[in-house]
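Protein sequence lines, in the order shown, are assigned to chains A and R. Residues -1 to 511 in this note's numbering are what the first sequence spells out, letter by letter. Residues -1 to 511 in this note's numbering are what the second sequence spells out, letter by letter.
Number of protein chains: 2
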Amino acid sequence: MNGAESLIRTLVDSDVTVCFANPGTSEMHVVAALDAVPAMRGVLCLFEGVATGAADGYARMAEKPAATLLHLGPGFANGIANLHNARKARVPIVNVIGDHAATHLRYDAPLTSDVGALARTVSHWLGTCREARTVAAEAARAVQAAAGAPGHIASLILGADAAWSPAEGVAPRLPVHGPSPVSDHAVARTVAALRAGWAALLLRGEALRGRGLAAAGRIAAATGARLVCDTFAPRLERGAGRVRVERLPYRPEPAVAFLAGTRTLILVGTQAPVAFFGYPDQPSELTPRGCAPLVLAHPHEDGAAALVAVAEALGATGPAPLNTKSLPERPQAGALDPGTLMRIVARHLPENAIVSDESITGGFQHYAVLDTAAPHDFLSLAGGAIGDGLPVATGAAVACPDRKVVVLQADGSAMYTLQALWTMAREKLDVVTIIYANRAYKVLMDELRIVGASTSGSKAAAMFDLGDPTLDWVRLAHGMGVDAVRAETTDAFEDAVASAMAACGPCLIEAVV
Amino acid sequence: MNGAESLIRTLVDSDVTVCFANPGTSEMHVVAALDAVPAMRGVLCLFEGVATGAADGYARMAEKPAATLLHLGPGFANGIANLHNARKARVPIVNVIGDHAATHLRYDAPLTSDVGALARTVSHWLGTCREARTVAAEAARAVQAAAGAPGHIASLILGADAAWSPAEGVAPRLPVHGPSPVSDHAVARTVAALRAGWAALLLRGEALRGRGLAAAGRIAAATGARLVCDTFAPRLERGAGRVRVERLPYRPEPAVAFLAGTRTLILVGTQAPVAFFGYPDQPSELTPRGCAPLVLAHPHEDGAAALVAVAEALGATGPAPLNTKSLPERPQAGALDPGTLMRIVARHLPENAIVSDESITGGFQHYAVLDTAAPHDFLSLAGGAIGDGLPVATGAAVACPDRKVVVLQADGSAMYTLQALWTMAREKLDVVTIIYANRAYKVLMDELRIVGASTSGSKAAAMFDLGDPTLDWVRLAHGMGVDAVRAETTDAFEDAVASAMAACGPCLIEAVV
């Protein structure tokens, strides 16, 4: 057994069974080891940002890490933007980054770069294997580091010679540190704050799912507290039969207005809210003046159990009011706009679907529409680095082959990682991609105004214009083996969505909005 | 005038007049400043790797830096792979990286990351502007640092508040350090080595163009020395009427065999040759045993003037033998292969064209065919990070609007930065892209064998297979507004190339090989 095989066998023994890969020469022995270890699934991605974004989506749904396989510093760099998102989503990922053989590293070969410096920028844990005998133990440690609550990015730099030299064997799975329980004191302070009234719970992580969300619903019913989630929560259980959670608005002024009147903002698995960007004369901190944030659960703590404890302490045992299914009417015939688009999606969203949302401006205003659709998981752009909608959907579909995945995808953002469509076709993933084709960086047109920049001509405007030439998403999808159709009217979109939801396998709908 | 406008005006005054941009919120004032400064051309790219690769191609041809405009850490990260290539090409680039306002940086906002740590991995010079009044001076210094011989990557982190606050004005252009003259001693040693015989000149940079290349030709004619360039030289003047330079083979065994018998390897603007990768039981250093490398000119030194001095000292004033134009016959009807492909390109390559080569396995074997085509500039993948063929062509076409640009592009590599096609269409660039559609990571199929990895099944093979589904480059190009056609036979390819060369504007030919 060589180092590469000891790596793959150790990962499998630690329950890492999917590898999103974009390998090069220095990873050839790892690729060869895939054949020796049937339990590891290799998923080829044609760009590294697809691999890392898919690992993010996989981890959000599978609740365990996938591996990525990346080629040297430049290959890893291509994956950094979506690792940034995964880091902010607090999901586990194990990156395997191939590096030159130790004997070759001393030379300034063309592809030599400081892999460690790049990896450190997004990794919580970084290991380096220069000898085959250390690979298994380091791989087991990488998984342990990644999987510890609340989910971490672990990167393992693997020298090519460490991969090809004889290794000693496989390392056993190491224990993983789950979330810590919160203190009785935190529970008691939270109970007191809720009893005092005018409280809001800001939720993230486990608090937005299952027993955590149910307990939050009981607390809200008993105390009148508001339930709020971050603008871009990594994963949220929504739809009919689930507790309704309000979404914090994206921009600072509406966010501050939204929270006005809150006396205590109780943080569960998240931090005090901060604006995406600083703007002239606008606040960065979104917590209203005079409102004290109170931490019930830090991200590494068990927010779901904490909510259950708070509900019990409050005696909030009664049933929480839940969203009821209330599908919109079929919209009247006419042109499509983001509102009708979302209503049509809500009409057809299948039970237990997974929604990967990177609709940006197209989706913000119509977010609430899906609250009364069929129950589903809703995944957002956790770190704000655009280009994760398609890759996250790819990984979620690999994790959950029996569930329909729907991508709500802005056209500008889609261009960063459009290569994901090819992997969807290759793996026959059941993903319906809906492109909001507004043919602009619409969010930036708004931002230009909000930051107070004044323009006098056409050059600045051209920086937001994706309509010259128009991106043809039907042809782009066909070019990567994905069925596609364009819809410019409500009727055409209704028909396209209905048949996409009824079918199985990847398809794309370009919705001209 | 705000900081953003003082930045753009200073760049223009320092002769930086093109900005390849993919901006976000934190760069909105810089975008607005484009309207205020007519002399700065903004070129929108839909992915950051296109912007940085285009700046590389622009600098190789314009011999001065372009600016890039990138959004925060994740946006910069997307540009790193092609900055790695530009760094290895030793070309000047000025990156402007927007960052959060200083008042906002203290918060852990979703898009906060360590921009400086990322920028340091590929930058020779790194400046940070947190106040508007420092922007102009720092911008002038960034251009000075970038443009100093032999070309550097300068990165300027620009806080959003430094861009939007009032600035003092424009900074004057700073003097740029050109290449240093080589010592008389280096010239004398080189002359002695050449007189001793069995010498080879390994050339890069200015030594591969104009008077440098002509002098090298005279030296070779007078002494019998071989003229060799790196496998991936950033820029080389080739074709009829130019001095012929042999290319160092890509893999170590043939490279060592190629240099066998050389007693002195004279380095002009490059380093002693090193294999791309380390392989078991193969050398990393390609200089033959017993052959001493001798530095005539370091990369920061004036290699062209050094060659002229050597030729004079040798009395090598006679005319060098030059390539004569000898176009291949029209190939017989039949299926296309990489050899016939290159011969057909040679038949139709227009005078003074620019060739951006990322053909990888498709091109290696047939490289010499272009030696007797019409004279042209030949640009290669200088740093080995795949995905620069299309962006480099984009930038070269912006720099040289009167010259035809031809991209020889492997299909697998093209997928990393295919968004460049859209910018070619938007800017109506005169670029003919030829895709070698072998529908495989062919180079890796070869590498797997050479590194000695043994495979037993289909999972490893699937990691090299781009044929399931087949990438349809005609549709991908059409999807981004570029005319395209597929050619599967020599006749179809001959016709497609002939009409593409006769036309003006971007087009793509998918050559099935």
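Glycine residues also receive a C-beta, built at the ideal position from the N, C-alpha and C atoms.
If we cut at 8 Å on Cβ distances, does leucine 339 of chain R have a partner in chain A?
-> no
Own chain, CB closer than 6 Å to arginine 216 of chain R, minus 5 neighbours either side, in chain order | Ala309, Ala314, Ala318
Spatial distance of leucine 225 of chain A from leucine 406 of chain R (CA atoms) = 56 Å
Answer with buried or exposed for serine 585 of chain A, where buried requires no fewer than 16 other C-beta atoms within 10 angstroms of its C-beta.
-> Because chain A spans -1 through 511 in this model, residue 585 of chain A falls outside it and cannot be assessed.
To which residues of the same chain is alanine 295 of chain A closer than 6 Å at the C-beta, ignoring the five residues directly before and after it?
-> Val180, Val266, Gly267, Gly301, Ala304
Using three-state DSSP, classify arginine 236 of chain A as helix, strand or coil.
-> strand
Whole-angstrom distance between glycine 73 of chain A and serine 153 of chain R, CA atom to CA atom | 21 Å
Coarse secondary structure for isoleucine 78 of chain R, derived from DSSP in three states = helix
For a contact meaning CB atoms closer than 8 Å, what does valine 94 of chain A contact in chain R?
-> Here the premise fails: no neighbours, minimum Cβ distance about 14 Å.
Starting from the beta carbon of threonine 8 of chain R, find every residue of chain A whose beta carbon is closer than 9 Å, and list them in chain order.
-> Here the premise fails: no neighbours, minimum Cβ distance about 18 Å.
Inter-stretch contact (C-beta, 8 Å, three-pair minimum) for the stretch 200 to 219 of chain A and the stretch 361 to 369 of chain A = no
In angstroms with no decimal places, state the Cα-to-Cα distance between valine 480 of chain A and cysteine 502 of chain A.
-> 12 Å
Beta carbon of isoleucine 6 of chain A nearer than 8 Å to that of methionine 26 of chain A = no
Residues bridged to aspartate 66 of chain A by DSSP?
-> Note on residue identity: the sequence assigns threonine, not aspartate, to residue 66 of chain A. Partner(s): A:Phe18, A:Asn93.
Would the stretch 252 to 262 of chain R and the stretch 376 to 396 of chain R be scored as touching if the rule is three or more Cβ pairs under 8 Å?
-> no
Please compile the residues from chain R whose C-beta is within a distance smaller than 9 Å of the C-beta of aspartate 470 of chain A.
-> Arg473, His476, Gly477, Met478, Gly479
Taking Cβ positions only, does tyrosine 365 of chain R come closer than 8 Å to chain A?
-> no
How long is the line joining the alpha carbons of arginine 209 of chain R and isoleucine 352 of chain R, rounded to whole angstroms?
-> 19 Å
Should glutamate 235 of chain R be flagged as near chain A, meaning a C-beta pair shorter than 8 Å?
-> no
Classification of proline 399 of chain R by the beta-carbon crowding that lies within 10 angstroms, buried from 16 upward | exposed
Close-in-space but distant-in-sequence residues of the same chain around aspartate 242 of chain R (CB under 6 Å, 5 per side omitted) = Per the sequence presented here, residue 242 of chain R reads as arginine, with aspartate not at that position. The residues are Asn321, Asp369.
Are the beta-carbon atoms of glutamate 445 of chain R and threonine 23 of chain A separated by less than 8 Å?
-> yes
Determine whether the Cβ of tyrosine 414 of chain A lies closer than 8 Å to any Cβ atom of chain R.
-> yes
Using 8 Å as the limit for Cβ to Cβ distance, is valine 430 of chain A near chain R?
-> no
State whether the stretch 68 to 82 of chain A contacts the stretch 245 to 253 of chain R, with contact taken as three or more CB pairs (one from each stretch) at a distance under 8 Å.
-> no
What separation, rounded to the nearest whole angstrom, lies between the Cα atoms of aspartate 228 of chain R and glycine 382 of chain R?
-> 12 Å
So what's proline 179 of chain R in DSSP terms, helix, strand or just coil?
-> coil
Neighbour flag for proline 508 of chain R against chain A, beta carbons, 8 Å | Sequence check: residue 508 of chain R is glutamate here, not proline. No, glutamate 508 of chain R lies away from the interface with chain A (no Cβ there is under 8 Å from its Cβ).
Under 8 Å from the C-beta of lysine 86 of chain A: neighbouring residues of chain R = Pro108
Which residues in the same chain as leucine 427 of chain A place their Cβ atom closer than 6 Å to its Cβ, once the five residues preceding and following it in sequence are excluded?
-> Ala395, Pro504
Exposure label - glutamine 330 of chain A; buried when at least 16 CB within 10 Å = exposed
Can you round the beta-carbon distance between valine 94 of chain R and valine 14 of chain R to whole angstroms, since I take them to be within the 8 Å contact cut?
-> Not confirmed; about 10 Å, so no contact.
Quick one, which of A:Ala418, A:Leu32, A:Leu246, A:Asp463 has its alpha-carbon nearest serine 378 of chain A's?
-> A:Leu246
Roughly how many angstroms separate the alpha carbons of glutamate 244 of chain A and leucine 257 of chain A, rounded to a whole number?
-> 11 Å
Endpoints, the alpha helix (DSSP H) within which leucine 481 of chain R is located | The sequence as given places aspartate at residue 481 of chain R; leucine does not occur at that position. Unbroken run through aspartate 481 of chain R is the beta strand (DSSP E), 481 to 485; no alpha helix (DSSP H).
Kindly provide the ranges of any beta strand (DSSP E) runs that are 3 or more residues long and lie completely inside the stretch 406 to 472 of chain R, ordered along the chain.
-> 429 to 435
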